[in-house]
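To start, the structure under review is shown below, and the notes come after it.
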Amino acid sequence: MGMELLPDWMAGLEDEDMTFIKKFILSSGSLKEMASLYGVTYPTVRLRLDRLIQKIRLSEQAEEEPYVALIKRLAVDDRLDFDTAKLLVTEYRRRKEDA
1 MGMELLPDWM AGLEDEDMTF IKKFILSSGS LKEMASLYGV TYPTVRLRLD RLIQKIRLSE
61 QAEEEPYVAL IKRLAVDDRL DFDTAKLLVT EYRRRKEDA
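Numbering (UniProt numbering), first residue to last: 1 to 99.
Here you go:
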């Protein structure tokens with residue numbers, strides 16, 4: 001499958017995310033086995049899976065509001081703290097309504 005055939009949600013993922021998905025599938029979705037593979041605790045793997053789920057959901061919302069999706073993605077990736085992200089999104093939406 002060429003890159004041009006990848007769905008948008010998949011094309012937006014990092015190589016590390018794709019590796020995680022592959023290992024997850026090969027371990028039949030066992031978070032316990034994933035924790036063992038990565039040498040981390042179950043809650044750590046669960047958190048990583050939750051963040052990956054958020055990234056995929058955000059990529060689906062990106063078409064509707066690309067700016068909001070970008071801010072949320074930065075927060076999910078820990079590149080922007082949650083409170084700042086919330087403030088930016090709230091202000092953006094307020095200004096958008098006022099326009």
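Even for Gly, the Cβ is constructed at its ideal location relative to N, Cα and C. Given the structure is predicted, the values throughout are model-derived calculations rather than measurements.
Taking the Cα of Tyr-38 as reference, the smallest distance to any Cα among Arg-95, Leu-58 and Lys-23 is reached at Lys-23.
Counting the other CB atoms within 10 Å of its CB gives Leu-58 a total of 16 or more, which places it among the buried residues. Within a 10 Å sphere around the beta-carbon of Met-18 sit fewer than 16 other beta-carbons, which makes this residue exposed.
In the DSSP annotation of this structure, Ser-27 is not part of any alpha helix (DSSP H), being labelled neither H nor E.
Excluding five sequence positions before and after Thr-41, the CB atoms of its chain that fall closer than 8 Å to its own CB belong to Ala-35, given in chain order.
DSSP places Ala-99 in no alpha helix (DSSP H); its state is neither H nor E.
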